[in-house]
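Under this note's numbering, read the sequence shown as residues 1383 to 1820, first letter to last.
From the three backbone atoms N, C-alpha and C, an ideal C-beta is built for every residue, glycine too.
As the structure is a computational prediction, the values presented were derived from the model and not from experiment.
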Amino acid sequence: MKQLKLGLSMFRMGYHIAAWRHPSNQPDGAMDLGYYRRIAKIAEDAKLDLLFMADELAIRGQDNPPGARQRSSYVAELEPVTLLSALAPLTSRIGLVSTASTTYSEPFNLARQFLSLDHLSGGRAGWNVVTSWGKEDAANFGHLALPDYDTRYDRAAEFVEVVRGLWNSFDADAFIRDQASGQYFDPAKMHQLNHEGRWFRVKGPLHMARSPQGEPVIFSAGDSEAGREVAARSADVVFTAKQEFEDARAFLADIKRRLPAHGRAAEEVIVMPGLMPILGETRDAARAAYDRLQELIDPVVGLASLYDRLGDLSGYDIDGPVPEPKDPAFRSRAEVMYRLAQREGYSIRQLYLAVAAGRGHRTVIGTAADIADEMQAWMEGGAADGFNLIPTHLPGALEDMAGLLLPELRRRGLFRQEYEGRTLRENLGLAPRAAVAA
1383 MKQLKLGLSM FRMGYHIAAW RHPSNQPDGA MDLGYYRRIA KIAEDAKLDL LFMADELAIR
1443 GQDNPPGARQ RSSYVAELEP VTLLSALAPL TSRIGLVSTA STTYSEPFNL ARQFLSLDHL
1503 SGGRAGWNVV TSWGKEDAAN FGHLALPDYD TRYDRAAEFV EVVRGLWNSF DADAFIRDQA
1563 SGQYFDPAKM HQLNHEGRWF RVKGPLHMAR SPQGEPVIFS AGDSEAGREV AARSADVVFT
1623 AKQEFEDARA FLADIKRRLP AHGRAAEEVI VMPGLMPILG ETRDAARAAY DRLQELIDPV
1683 VGLASLYDRL GDLSGYDIDG PVPEPKDPAF RSRAEVMYRL AQREGYSIRQ LYLAVAAGRG
1743 HRTVIGTAAD IADEMQAWME GGAADGFNLI PTHLPGALED MAGLLLPELR RRGLFRQEYE
1803 GRTLRENLGL APRAAVAA
């Protein structure tokens, strides 16, 4: 029987925009290793496949609407690869996945960084490929403006291939380390990259042994045409934000359809939509838990969360219709929010309340059986291979998942009792990738 693959999005104090104000939360948790260690332990004890950390390269917005910035917790966070490296010796089976931008990184440094995490964790590292969308990011990296969409994705495609080539600098058995003979490695099993492309010239090799899992697992989250092509060519796991079953099914089918052109089979890529489960022993209890968080939303923070994706809405009536997004930098997530507003007839105010929890990801409120029903239907209906679970607040929402939802999924045979392997690739059921030729 096919089972779900499940990750946890470990985002500061939780994904809900008022998460830090929840009375069970640790308000300074975003900067505290002990806080993340507690979350990692709960997640690993629950046998989740992976911890995923998004990354921000700037503080978003220009305090618009006025007063929003000082009320938001999105101004302080740890660098995720450093944090995951600190969690590596505190965990043993769960995958450690971080976002890193191809627009504001260099392939050699990134390849070295993630392969180091992979060795430190015994083969549990993953890289989520993004091209970055925030205009504020550019100013922190010496750019006058965000590079255009086509430039970002063209660079990303080459970037990923360079990184994979560097990860294949040595064969798995290249390091002999024979103390008696004095031979440390076999030079015939070292491969110089000598890459010369449009964006990068990288000689190589990367001075690091091959990954314990062959290569770190590559994740991708792009929903645009170019993003889907990068995913089909290079990703092992694809994240996506889908509100509706049919949209999710069409997305999964499209990703799988593209794979043969890149010499890949359907089972080589796992598609994991984001899902925010809000749980209760009863439906009324689940609704009450949701309502408690909604009551903590500061209106200016709610509006600012829309400005980040839809652009400045200050010239529009807050109780009027949501305007169509015009800034191409925002693309896929903005379109998800706009379609939601169109489908439900939401005003701007109603939209920020609706997306305050999942921020574009599907939110389901109910009992463990209710949510398991939906997850099972999506998997069996071809809309998901698994889910990236989005907690409203941490660790409380994770504790609800571990105590209510996962036992129900196990009762149905939809989720593991124990980890199958020691590496992330093994636990995801992914075969080793074919080496990229140097």
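| query | result |
| --- | --- |
| Three-pair Cβ contact test at 8 Å for the segment 1561 to 1569 versus the segment 1601 to 1614 | no |
| MET1821 versus PRO1777, ALA1507, MET1761 and GLY1586, residue with shortest Cα-Cα distance | Coverage of the chain is limited to positions 1383 through 1820, which leaves residue 1821 absent and any answer about it impossible. |
| CB contact flag (PRO1409, HIS1501, <8 Å) | no |
| C-alpha distance - ARG1583 paired with VAL1542, whole-angstrom precision | 13 Å |
| Three or more C-beta pairs below 8 Å linking the segment 1680 to 1694 and the segment 1776 to 1783 | no |
| Three-way DSSP call (helix, strand, coil) for GLU1808 in this model | helix |
| Buried/exposed call for SER1573, threshold 16 Cβ in 10 Å | The question names Ser, yet the displayed sequence has His at residue 1573. So HIS1573 counts as buried. |
| CA-to-CA distance, VAL1718 to ALA1820, given in whole angstroms | Model confidence at ALA1820 stands at a pLDDT of 48, short of 50, so the residue's coordinates are unreliable and nothing is read from them. |
| TYR1689: first and last residue of the uninterrupted alpha helix (DSSP H) it sits in | 1681 to 1692 |
| CA-to-CA distance, TYR1535 to TYR1486, given in whole angstroms | 13 Å |
| Span of the beta strand (DSSP E), counted from its first residue to its last, around ASP1755 | Taken as a continuous stretch (DSSP letters only), ASP1755 belongs to no beta strand (DSSP E), being part of the alpha helix (DSSP H) at 1750 to 1762. |
| Given VAL1687 as reference, the closest of PHE1393, ARG1394 and ILE1399 once Cα atoms are compared | The sequence shown places Ser at residue 1687, rather than the Val named in the question. Ranking the options by Cα distance to SER1687, first place goes to ILE1399. |
| Selection from ARG1420, GLN1799 and GLY1416 that minimises the alpha carbon distance to LEU1386 | GLN1799 |
| Per-residue DSSP class, three states only, for ARG1610 | helix |
| Same chain, Cβ closer than 8 Å to ALA1358, five either side skipped, listed in chain order | Outside the displayed span of the chain (1383 to 1820) sits residue 1358, for which this structure offers no information. |
| Test item: CB-CB of TRP1581 and ARG1537 under 8 Å | yes |
| Length-filtered (4 minimum) alpha helix (DSSP H) runs lying within the segment 1572 to 1659 | 1607 to 1616 and 1627 to 1640 |
| Backbone CA spacing between PHE1769 and GLN1565 [nearest angstrom] | 47 Å |
| N-terminal and C-terminal residue of the beta strand (DSSP E) that ILE1558 is part of | 1557 to 1560 |
| Limits of the unbroken beta strand (DSSP E) element including ASN1770 | 1768 to 1771 |
| Integer Cβ distance of PRO1659 from LEU1771, believed to fall under 8 Å | 7 Å |
| C-alpha gap between GLN1495 and ALA1716, whole angstroms | 31 Å |
| Cβ contact check for the segment 1634 to 1641 and the segment 1665 to 1677: 3 or more pairs under 8 Å | no |
| Sub-8 Å separation of ALA1422 and LEU1472 beta-carbons | yes |
| Three or more C-beta pairs below 8 Å linking the segment 1675 to 1682 and the segment 1733 to 1748 | yes |
| Among ILE1441, LEU1478 and GLU1626, nearest to GLU1756 - alpha-carbon criterion | GLU1626 |
| Straight-line gap, ILE1747 to ASP1427 (C-alpha atoms, nearest Å) | 24 Å |
| From GLU1597, PRO1789 and GLY1785, residue whose alpha carbon lies closest to that of ALA1554 | GLU1597 |
| Local Cβ density within 10 Å of HIS1775, reported as buried at 16 or more and exposed below that | buried |
| Alpha carbon of ASN1809 to alpha carbon of ILE1476, nearest angstrom | 9 Å |
| CA-to-CA distance, LEU1791 to PRO1773, given in whole angstroms | 17 Å |
| Residue range of the beta strand (DSSP E) that includes PHE1567 | 1565 to 1567 |
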